[in-house]
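One structure is given below, encoded as structure tokens.
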Ligand SMILES: Nc1ncnc2c1ncn2[C@@H]1O[C@H](COP(=O)(O)OP(=O)(O)OP(=O)(O)O)[C@@H](O)[C@H]1O
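In the numbering used here, the protein residues as written are -6 to 465.
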């Protein structure tokens, strides 16, 4: 196994100085293995490690930043690249620049990069490069932890696979099926049998149900992606099924395996397990982008100390002062004890309070695991319409992409530093924007040490805000 870190130079590296991005591109390369690695310390190019063919260099100077098309040319079908450009994916993000050459060369990969860094597009481009559009068989499988994330990934995949302008006649279509908890699995079963899709996006529960009923098999599988991999392996309910999927339903020799997450605690141990347990081939690559800074740097962290009873008023005060374009208020899950005592969950308290007192222009919406699937789907679709104040439990903390979110409020602190990282990662998700976004924690005096622990673990600093200073 090997590892590429933003802070280490790979063996064949070239030092770069600032180049001229306006110079014309001289020629293109066609295969990823024709590439040479380049290390850039230039402040002009927002890159740490990239790969480029020699025509991109003149006397060791990068003369043009590589576009997504440059990196994927010859591997990803033209109509997908064209569609990606139509949607606005022109230049690669750091993680795409670093992972795509490795992915497109066929290697197994653990993609480990900040929240909102663009891991989804990286693995989707790999999938579109690997599948045979003419063949009706499940060739790519993306496993996700929640129904909401599954719907989102399916939407991005379908957007890329949709017919692009001007290429209709020649382009071949690709079917993408979502097998998600609460879906119409009976109907999906007949569809899977009648005409298997090329790509399936699934939660592990629904997937196993279908595999157990022999609705389809994974004999033709070329790419297996496990998104939010640390979360999936952490859940005791899912881990058995996941292990079975990785080792019995398809073989590592026939497929390319990709794991993705912004947090992989003890990643060396995880990489070791990947090889030992035969989840991946032995040359699996760990692409670790920005290892010294797990949090996006343009997210500003704050805290306000207030008593539990003051918390709702403090939240309202902050909302009025901050005037977010769109925000998420994270609330802890209700404990079993509180459920048994017949108390309302904190989400209800917050929602009811805001509906009665918040006078801003944003709609107040709710998303929590206890809602039924239809209510969850309807909340999700309302949230995507534009700005809102979403009151949510941690169900919305993983992978949820609402790029317009400018403010996060931790009404209750999360349980772990990893949960903090993912909640905070719901803001600051526009890759090339430096708009300052914020995460504000409402805590009691006793909780200050917990937050300090998160700060040390995740290497960020939290600034104190006082009700008095805000009132000025
Ligand atoms: N090359 C690109 N150019 C412009 N926008 C991009 C590009 N790649 C991704 N994005 C946008 O960046 C946002 C974040 O991408 P994505 O959801 O893939 O992040 P992620 O790394 O999976 O984050 P998380 O770890 O939180 O799941 C999305 O809104 C996506 O559309």
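Ideal Cβ placement from N, Cα and C applies to all residues, glycine included. As the structure is a prediction and not an experimental result, all values here were calculated from the model.
Unbroken stretches of the alpha helix (DSSP H), 4 residues or longer, contained in the region 189 to 269 = 197 to 205, 222 to 227, 229 to 240 and 260 to 269
Beta-carbon proximity list for residue 262, same chain, < 7 Å, skipping 5 on both sides = If we look at residue 262 and ignore the five residues flanking it on each side, it has no Cβ neighbours.
inquiry  = If distances are taken between C-alpha atoms only, which option among 359, 456, 282 and 335 comes closest to residue 104?
reply    = 282
key: Endpoints, alpha helix (DSSP H) assigned at residue 121   = 112 to 123
query = Per DSSP, residue 178 forms a beta bridge with which residues?
reply = Residue pairing by DSSP leaves residue 178 without any beta bridge partner.
request  = Just the C-alpha distance for residue 439 and residue 445, rounded to the nearest angstrom, thanks.
outcome  = 11 Å
message = Please state whether the Cβ-Cβ distance between residue 131 and residue 193 is less than 8 Å.
response = yes
Those residues which DSSP pairs with residue 347 across a bridge = BP columns for residue 347 are empty, so no partner.
message = Pop quiz: residue 456 and residue 295 are said to be a contact at Cβ under 8 Å. What is the actual Cβ separation, rounded to whole angstroms?
response = 5 Å
ask   = Taking residue 345 as the reference, which of 353, 200, 187 and 358 has the closest Cα?
value = 358
inquiry  = Using the three-state DSSP reduction, which class does residue 142 fall into: helix, strand or coil?
reply    = Helix, per DSSP.
ask   = On the premise that residue 289 lies in contact with residue 421, defined as a C-beta separation below 8 Å, what is that separation, rounded to the nearest angstrom?
value = 4 Å
ask   = Distance, Cα to Cα, residue 301 vs residue 437?
value = 7 Å
query = What first and last residue would you give for the beta strand (DSSP E) that runs through residue 431?
reply = 430 to 436
key: Test item: CB-CB of residue 102 and residue 251 under 8 Å   = Yes, they are a contact pair.
key: Secondary structure of residue 301, DSSP reduced to three states   = helix
message = Let's test the definition: count the other Cβ atoms within 10 Å of the Cβ of residue 411 and tell me whether it reaches 16, buried, or not, exposed.
response = By the neighbour-count rule (16 or more Cβ atoms within 10 Å), residue 411 is buried.
query = Which same chain residues, not among the five before or five after residue 133, have their C-beta less than 6 Å away from its C-beta?
reply = For residue 133, the CB contacts under 6 Å within the same chain, skipping 5 residues up- and downstream, are 120, 124, 192 and 216 in chain order.
ask   = Taking all protein chains shown into account, do 16 or more other C-beta atoms lie within 10 angstroms of the C-beta of residue 286, making it buried, or fewer, making it exposed?
value = exposed
Residue 376 in three-state terms, based on DSSP = helix
C-alpha distance - residue 333 paired with residue 326, whole-angstrom precision = 14 Å
query = Tell me which same chain residues have a C-beta within less than 7 Å of the C-beta of residue 406, skipping the five on either side of it?
reply = 434, 436, 440, 443 and 444
task = Might you give, ordered along the chain, the residues of its own chain that have their beta carbon closer than 7 Å to the beta carbon of residue 36, omitting 5 neighbours on each side?
result = Here residue 36 scores only 29 on pLDDT, less than 50, and its place in the model should not be relied on; the value that follows carries that caveat. Nothing meets the Cβ criterion.
request  = Going by CA-CA distance only, name the one from 178, 184 and 187 that's closest to residue 202.
outcome  = 178
query = To which residues of the same chain is residue 170 closer than 6 Å at the C-beta, ignoring the five residues directly before and after it?
reply = 190 and 193
Exposure label - residue 454; buried when at least 16 CB within 10 Å = exposed
Reduced DSSP category for residue 311 - H, G, I as helix; E, B as strand; rest coil = helix
Residue 402, DSSP secondary structure in three states = strand
query = Which two residues bound the contiguous alpha helix (DSSP H) that contains residue 171?
reply = If you look at residue 171, you'll find it isn't in any alpha helix (DSSP H); it sits in the beta strand (DSSP E) that goes 169 to 172.
message = Short of 6 Å in beta carbon distance, which residues of its chain neighbour residue 415, apart from the five on each side in sequence? Order them along the chain.
response = 390 and 391
message = Could you check whether the region 235 to 252 touches the region 268 to 277, counting it as contact only if at least three pairs of C-beta atoms, one from each stretch, sit closer than 8 Å?
response = yes
key: Beta-carbon proximity list for residue 366, same chain, < 6 Å, skipping 5 on both sides   = 175
message = Using CA atoms only, rank isn't needed, just tell me which of 118, 140 and 184 is closest to residue 152.
response = 118
key: Identity of the residue in 122, 85 and 144 nearest residue 110 by Cα   = 85
request  = On a CA-only basis, which of 305, 361 and 331 is nearest residue 351? Give me that one, please.
outcome  = 305
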